[in-house]
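J.: Residue numbers (our numbering): 58 to 167.
Virtual Cβ for every residue (Gly too), placed ideally from N, Cα, C.
In structure tokens:
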């Protein structure tokens, strides 16, 4: 269990959910975008429910370990979704070598 701190407080999240939130927030900040995510959380008052987090370039988040409260805060669907979205924000990388690369290596220009 992790404590996710934000502008005016904190919320308890499951470990994998918290990691995915922070990774996605970083990916969004890198491209200057924002998104609203909904994940299960436990409030500072001990209330379990849907936690809505607006993530973006101005998000100032940090986490710390928290004592396990015996509440299931896992959400594999949300984790997969955030990680997929974060991956799609990365710059495209070539998957194959260009045929032109081979021609330049042998010293022939034409």
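1. Determine the direct distance from the alpha carbon of residue 136 to that of residue 150, and round the result to whole angstroms.
2. Buried or exposed: residue 128, going by 16 or more other Cβ atoms within 10 Å of its Cβ?
3. Just the Cα atoms here: how many angstroms apart are residue 139 and residue 62?
4. What does residue 117 pair with, by DSSP beta-bridge criteria?
5. May I have the straight-line CA-CA distance separating residue 146 from residue 85, to the nearest angstrom?
6. Enumerate in chain order the residues of its own chain whose CB-to-CB distance from residue 71 is below 6 Å, with the five nearest sequence positions on each side excluded.
7. Would you mind sorting residue 148 into buried or exposed? The rule is 16 or more other CB atoms within 10 Å of its CB.
8. Tell me residue 92's beta-bridge partners as DSSP assigns them.
T.: So, from the data block:
1. Counting from 1 along the chain shown, the entry for residue 150 is found at position 93. Counting from 1 along the chain shown, the entry for residue 136 is found at position 79. Each residue's Cα considered, the two are about 24 Å apart.
2. The residue labelled residue 128 in the question sits at position 71 within the chain shown. Exposed, by the Cβ-count rule.
3. Working through the chain shown from its first residue, we reach residue 139 at position 82. Working through the chain shown from its first residue, we reach residue 62 at position 5. Take the alpha-carbon of residue 139 and the one of residue 62: they are about 19 Å apart.
4. As a working note, residue 117 is residue 60 in the chain shown. DSSP lists no partner for residue 117.
5. The residue labelled residue 146 in the question sits at position 89 within the chain shown. The residue labelled residue 85 in the question sits at position 28 within the chain shown. Straight-line Cα distance between these residues: approximately 7 Å.
6. Reading the chain shown from its first residue, position 14 is the one you call residue 71. Sequence-distant Cβ neighbours of residue 71 in its own chain, meaning closer than 6 Å and more than five residues away, are 130, 131.
7. In the chain shown, the residue the question calls residue 148 occupies position 91. Answer is exposed; the Cβ neighbour count stays below 16.
8. Residue numbering aside, residue 92 sits at position 35 when the chain shown is read from its first letter. Residue 92 is bridged to 112.
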